[in-house]
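What follows is a set of notes on a single structure, which appears directly below.
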Amino acid sequence: MAKVEKELQQIQTKKVKMTPSEAIVETLVAEGVKHISGILGSAFMDMLDLLPEAGIRFIGVRHEQSAAHMADAYTRVSGVAGVVIGQNGPGITNMVTSVAAANQAHTPMVVISPSAGTPTVGWDGFQECDQVSVFKAITKETVRVTHPSRVADCLRTAFRIAYAERGPVLFDIPRDYFYGELEDVILEPHQYRVDNRGCGSLELIDKAVELLANAKNPVIIAGRGVVDSDGIEAVKEIAEHLTTPVAVSYMHNDAFPANHALAVGPIGYMGSKAAMYSLKDADVVLAIGTRLSVFGTLPCYDIDYFPKQAKIIQVDINPRNIARTHPVEVGIIGDANAASVEIAKRLKEKTPNLAPNQETLRQVAELKAQWEKELVDLAMVDGNPINPRRALLELTKALPENTIVTTDIGNVSSTANAYLKFNNGRQHIAALTFGNTGFAYPSALGAKLANPNSPVVAIVGDGAWGMSLHEVSTAVEENIPVVACVFNNHAWCAEKKNQVDFYNNRFVGADIENPDFAEVARSMGAVGVSVDRPEDLGPAVQKAIESGKPTVIDIHVDGTQLAPPFRKDALKMPVRLLPKYAHLDHRNW
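Just so we're aligned: the sequence shown equals residues 1 to 589 in full-length UniProt numbering.
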């Protein structure tokens with residue numbers, strides 16, 4: 001051990017001779033990388049050979065798209081940038097969807113991208129692709145290794161940008177650059193990147209404090225930045241001092257404790273009416289660590305809740321997000337936690353000894369009670385065989401306090417936004433606004449790797465499950481005991497609802513013929529369970545978590561009990577001008 005430490009100190013203080021593969025792996029070790037996801041390939045096999053000795057676990061997935069979803073969730077739970085790798089050409093291009101999703105989710109990630117060897121570039125050789133061009137639009141940066149001696153420097157740049165700009169970076173290295181010799185120093189991260197940006201402008205924080213101190217109906221919106229910066233306690237301080245309701249941004253239900261007296265739940269599609277009615281009459285909105293996305297602030301349940309005249313104070317670490325979607329009164333570029341701590345401190349100095357506003361507490365409690373009753377009433381309507389809302393209700397009741405939940409995109413997964421409640425950060429891992437199916441299960445694997453001591457449950461529709469069930473083999477092979485709750489309604493129901501409301505129940509491409517998912521799971525070495533009675537779901541979930549084995553629960557739900565249209569804002573009633581299609585015109589129904 002002493003010898004290893006001595007060698008490590010040597011390469012951290014002076015240039016030593018090593019291969020490019022060794023320089024890459026040692027840089028990953030310095031960055032605290034514990035595992036890399038992907039599918040093995042000849043392009044990076046020289047580097048792959050070093051990983052076990054370096055203490056880095058290679059997780060072999062069944063499809064490279066899953067690798068980047070795993071890394072996305074791993075980062076959201078652990079705070080450490082995930083790393084993925086694949087064969088040049090198709091292996092890397094298979095990651096386009098999941099890297100694009102991580103980019104819109106603002107998740108730091110490094111994509112190690114072997115590319116065609118330099119002697120054959122431009123000859124359309126085997127598995128050749130200009131990966132840099134492909135990934136330019138869906139990453140924060142593409143870093144191309146220009147010479148084998150630069151591999152460590154370029155990888156450091158990739159990590160620096162990934163953390164600084166909060167998103168994935170492509171590290172593109174020609175496959176022949178893994179070989180050879182170089183001399184370099186392996187630096188510690190603090191020597192080449194800085195994460196702490198502080199609280200932002202104190203002058204602007206004072207303006208924010210002035211607005212909040214004089215507000216009649218302030219409301220806080222807490223977003224992903226609050227979670228990533230571990231800023232929940234600081235947000236609680238502000239809320240409790242002002243007796244201010246706290247909503248959470250779309251699909252970030254873990255950004256404020258649901259059991260807090262001032263928590264009103266999520267905004268956005270299928271969010272909380274308590275949050276929406278609290279926000280509707282706000283005169284000042286403190287938006288912390290949220291970009292206030294367009295989709296996440298659209299009207300819902302026919303409630304146009306986002307206040308048009310409110311003065312907005314927006315705190316975000318990325319200056320590109322300030323006032324991007326809503327005009328602001330005060331924009332603060334800073335860390336969500338540091339800014340919240342400073343706002344809380346200055347508020348207490350400016351308005352000491354504020355008594356709790358009992359009327360606000362009463363109103364919040366009343367709104368929450370009304371919404372909770374509505375959720376339960378909707379869930380208790382009979383379904384054939386199970387009302388999907390009832391399944392969500394029974395599922396959430398059965399989950400232990402520390403459970404991490406990953407959610408896909410789709411009718412049931414989106415409805416889960418109304419039912420999922422968390423009291424700690426880093427527990428809600430959702431597909432977010434890129435909206436691709438097949439996210440939840442590989443993300444659950446990544447979340448479990450990041451936090452092995454917490455139960456991890458994926459909420460997946462049957463359509464999305466068809467895109468991700470192959471990774472059950474990965475869960476079994478790597479012994480990653482996550483629980484997949486597959487809501488089986490034999491249709492792409494989010495889109496089917498559009499065909500119900502806008503196309504007179506004409507279903508094209510909506511229905512799915514599914515196998516027995518429980519049987520498929522068992523054939524792959526996992527535990528498979530079928531549930532078609534609501535009272536059986538809670539015990540099935542508890543047993544699955546206690547088993548410590550990869551488990552698939554095939555939940556048969558009613559495909560006619562659907563949530564409102566997902567993109568009501570983007571659809572119109574159909575008009576047909578050719579006589580051949582006249583009967584499809586909504587005016588002729």
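Heads up, the beta-carbon is just placed ideally off N, CA and C, and yes, glycines get one too.
Host beta strand (DSSP E) of residue i (start-end)
i: aspartate 554; result: 551 to 556
i: asparagine 488; result: 483 to 488
i: phenylalanine 58; result: 57 to 60
i: phenylalanine 171; result: 168 to 174
i: serine 530; result: 527 to 531
i: proline 218; result: 218 to 222
i: lysine 311; result: 311 to 316
Where the alpha helix (DSSP H) containing residue i begins and where it ends
i: alanine 431; result: Counting along the chain, alanine 431 falls outside any alpha helix (DSSP H), and DSSP gives it neither H nor E.
i: threonine 415; result: 411 to 419
i: threonine 407; result: Where threonine 407 is concerned, there is no enclosing alpha helix (DSSP H), although the beta strand (DSSP E) it sits in stretches over 404 to 407.
i: aspartate 462; result: 462 to 466
i: valine 248; result: Here valine 248 belongs to no alpha helix (DSSP H); instead the beta strand (DSSP E) covers 246 to 248.
i: threonine 142; result: From DSSP, threonine 142 is part of no alpha helix (DSSP H) but of the beta strand (DSSP E) over 141 to 144.
Exposed unless 16 or more other CB atoms sit within 10 angstroms - verdict on residue i
i: histidine 106; result: buried
i: valine 508; result: exposed
i: proline 108; result: buried
i: glutamate 535; result: exposed
i: lysine 497; result: buried
i: asparagine 337; result: buried
i: proline 388; result: buried
i: glycine 198; result: exposed
i: proline 20; result: buried
i: tyrosine 441; result: buried
i: glutamine 561; result: buried
i: methionine 573; result: exposed
i: serine 42; result: exposed
i: tryptophan 123; result: exposed
Proximity below 9 Å, CB of residue i to CB of residue j
i: glutamine 309; j: aspartate 335; result: no
i: threonine 243; j: asparagine 357; result: yes
i: histidine 63; j: alanine 101; result: no
i: alanine 544; j: valine 529; result: yes
i: alanine 71; j: serine 37; result: yes
i: leucine 170; j: valine 121; result: no
i: alanine 287; j: isoleucine 238; result: no
i: valine 341; j: glycine 231; result: yes
i: glycine 466; j: asparagine 505; result: no
i: glycine 200; j: alanine 255; result: no
i: leucine 399; j: valine 531; result: no
i: valine 460; j: serine 413; result: yes
8 Å CB neighbourhood of residue i in its chain, flanking five on each side removed
i: isoleucine 303; result: Lys273, Met276, Tyr277, Lys280
i: methionine 251; result: Pro266, Gly268, Gly296, Thr407, Asn417, His428, Ala430, Ala431, Leu432
i: glycine 435; result: Ile409
i: arginine 522; result: Gly528
Alpha carbon of residue i to alpha carbon of residue j, nearest angstrom
i: proline 539; j: glutamate 546; result: 10 Å
i: asparagine 588; j: asparagine 103; result: 44 Å
i: aspartate 153; j: leucine 449; result: 28 Å
i: proline 90; j: glutamine 127; result: 7 Å
i: lysine 580; j: histidine 586; result: 14 Å
i: valine 84; j: threonine 157; result: 16 Å
i: valine 25; j: valine 143; result: 17 Å
i: phenylalanine 566; j: glycine 559; result: 16 Å
i: alanine 23; j: serine 133; result: 26 Å
i: phenylalanine 422; j: histidine 326; result: 28 Å
i: isoleucine 404; j: threonine 396; result: 11 Å
i: glutamate 394; j: alanine 261; result: 23 Å
i: histidine 35; j: leucine 298; result: 39 Å
i: serine 66; j: valine 500; result: 32 Å
i: valine 227; j: asparagine 253; result: 10 Å
i: serine 454; j: valine 482; result: 10 Å
Close beta carbons around residue i, own chain, < 6 Å, minus the five adjacent residues each side
i: serine 115; result: Asn88, Gln131, Asp172, Pro174
i: asparagine 451; result: Val77
i: valine 29; result: Ala54
i: leucine 378; result: Arg389
i: tryptophan 492; result: Gly463, Ala510
i: valine 185; result: Lys15
i: alanine 444; result: Thr406, Val456, Ala458, Val482
Cβ-based neighbour list, residue i, same chain, cut-off 7 Å, excluding 5 preceding and 5 following
i: valine 209; result: Ile343, Arg346, Leu347, Lys350
i: alanine 213; result: Leu347, Lys350, Thr351
i: asparagine 321; result: Arg291
i: alanine 391; result: Phe487, Pro534, Leu537, Ile555, Val557
i: arginine 192; result: The identity of residue 192 in the sequence shown is tyrosine, whereas the question assumes arginine. Arg156, Arg160.
i: glutamate 478; result: Ile59
Closer than 9 Å to chain B by CB, residue i
i: leucine 298; result: Structure shown: chain B not included; a single protein chain is present.
Any non-hydrogen atom of the ligand SAM within 8 Å of residue i CB
i: tyrosine 177; result: No copy of the ligand SAM occurs in the structure displayed, which carries no ligand at all.
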